[in-house]
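Participant: Input: one structure, supplied below.
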Amino acid sequence: GISAKSFKKPTSLEMDHDFLWRVHQHVPRKGRIQIFNRSHYEDVLIQRVHKWIDEKTVDHRFEAINNFERNLMRDNNTTILKFYLHISESEQKVQLQQRIDDPSKSWKHNDGDWEERKKWKEYMRCYTDVINRSEIPWIIAPVDQRWYRDFFVASRILEAMESLNLQVPKINIKKRSK
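Residues in the sequence shown are numbered consecutively from 127, following the working numbering.
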């Protein structure tokens, strides 16, 4: 089976634990697929851009993340695909403006997105650091064109699944007499 989890701003309960605690709750069981929309990398990205954590904490978190992912692969035989959905600065501006101009997209609008956009260069610096310091490589997906984003990501997932040589499980069904 497959399931998805969207990580938002940490709750007070989540803040009472280490930063990976909330992610552990959603790690897939063996034989399952789990999709994370956002992830533990937010804790070395957003918090860093806003200077809510210092560089020593960033270093410790990178070490913890790399250990966490290494353990998932080693202990659970988990295949990890990490996609960085890269939007250009100009396309991001277009899409944010569409959320204001197009009533069908207004539900996505958040004034805070424009404030975050002002930190573009700092986000790019931190994203580059995240990509470079991760032991498990990232797949950088260009997303300015949605059709290509979807094709690109689906193709990489298909390649990974094909490499697993998955088999339909054999079921032993006993005949029942009526």
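A virtual CB, placed ideally from N, CA and C, is assigned to each residue, including glycine. None of the values given here were measured: they were computed from a predicted structure.
Alpha carbon to alpha carbon, how far is leucine 222 from aspartate 228?
Facilitator: Start at 1 with the first residue of the sequence shown, and residue 222 comes out as number 96. Start at 1 with the first residue of the sequence shown, and residue 228 comes out as number 102. So the two alpha carbons sit approximately 10 Å from each other.
Participant: Note the first and the last residue of the continuous beta strand (DSSP E) segment covering leucine 211.
Facilitator: The residue labelled residue 211 in the question sits at position 85 within the sequence shown. Leucine 211 -> beta strand (DSSP E) spans 208-212.
Participant: Where does tryptophan 264 sit, in a helix, a strand or coil, going by DSSP?
Facilitator: Sequence index remark: in the sequence shown, residue 264 carries index 138 (1-based). Strand at tryptophan 264.
Participant: Ordered along the chain, which non-local residues of its own chain (more than five positions away) have a Cβ less than 7 Å from that of alanine 190?
Facilitator: Translated into positions along the sequence shown, residue 190 becomes position 64. Excluding sequence neighbours, alanine 190 sits near Leu146.
Participant: Short of 8 Å in beta carbon distance, which residues of its chain neighbour asparagine 226, apart from the five on each side in sequence? Order them along the chain.
Facilitator: As a working note, residue 226 is residue 100 in the sequence shown. For the record, residue 226 in the displayed sequence is isoleucine; it is not asparagine. Counting only Cβ-Cβ distances below 8 Å, and skipping sequence neighbours, we find Ser232, His235.
Participant: Any idea if arginine 251 is buried or exposed, counting beta-carbon neighbours within 10 angstroms, 16 or more meaning buried?
Facilitator: Translated into positions along the sequence shown, residue 251 becomes position 125. Answer is exposed; the Cβ neighbour count stays below 16.
Participant: Tell me where the alpha helix (DSSP H) around phenylalanine 162 begins and ends.
Facilitator: Along the sequence shown, read from residue 1 onward, the residue named residue 162 stands at position 36. Where phenylalanine 162 is concerned, there is no enclosing alpha helix (DSSP H), although the beta strand (DSSP E) it sits in stretches over 159-163.
Participant: Does DSSP classify lysine 234 as helix, strand or coil?
Facilitator: Reading the sequence shown from its first residue, position 108 is the one you call residue 234. The answer is helix: DSSP assigns lysine 234 an H, G or I state.
Participant: Pull the bridge partners of isoleucine 128 from the DSSP assignment, please.
Facilitator: Within the sequence shown, numbered from 1, the residue matching residue 128 stands at position 2. Beta-bridge pairing links isoleucine 128 to Ile159.
Participant: How big is the Cα-Cα spacing for asparagine 197 and glutamate 285?
Facilitator: Counting from one through the sequence shown, the residue named residue 197 turns up at place 71. Counting from one through the sequence shown, the residue named residue 285 turns up at place 159. Distance between the alpha carbons of asparagine 197 and glutamate 285: 23 Å.
Participant: Nearest-angstrom Cα distance between lysine 245 and aspartate 239?
Facilitator: Here residue 245 corresponds to residue number 119 of the sequence shown, with the count starting at 1. Here residue 239 corresponds to residue number 113 of the sequence shown, with the count starting at 1. Lysine 245 and aspartate 239: Cα-Cα distance of roughly 10 Å.
Participant: Indicate whether serine 165 and valine 149 have their beta-carbon atoms separated by less than 8 Å.
Facilitator: One-based indexing of the sequence shown puts residue 165 at position 39. One-based indexing of the sequence shown puts residue 149 at position 23. Going by C-beta atoms, serine 165 is nearer than 8 Å to valine 149.
Participant: Taking the alpha-carbon positions, what's the tyrosine 274 to glutamine 218 distance?
Facilitator: As a working mapping, residue 274 is identified with position 148 in the sequence shown. As a working mapping, residue 218 is identified with position 92 in the sequence shown. Whole-angstrom Cα-Cα distance: 16 Å.
Participant: Rounded to the nearest angstrom, what separates glutamine 293 and arginine 187 at their Cα positions?
Facilitator: Indexing the sequence shown from 1 puts residue 293 at position 167. Indexing the sequence shown from 1 puts residue 187 at position 61. About 37 Å.
Participant: Near serine 132, what residues of its chain come up, given a Cβ to Cβ distance below 6 Å and the 5 sequence neighbours on each side ignored?
Facilitator: In the sequence shown, residue 132 corresponds to position 6, counting from 1. So the qualifying residues of the chain are Asn163.
Participant: Under a three-way DSSP split, which group does tryptophan 147 fall into?
Facilitator: One-based indexing of the sequence shown puts residue 147 at position 21. Three-state DSSP puts tryptophan 147 in a helix.
Participant: Runs of 4 residues minimum, wholly inside the region 169-225: which ones carry the alpha helix (DSSP H) assignment?
Facilitator: Segments of the alpha helix (DSSP H) lying fully in the region 169-225: 172-175, 181-202.
Participant: Where does lysine 247 sit, in a helix, a strand or coil, going by DSSP?
Facilitator: Against the sequence shown, residue 247 aligns to sequence position 121. In this structure, lysine 247 counts as helix in the three-state DSSP scheme.
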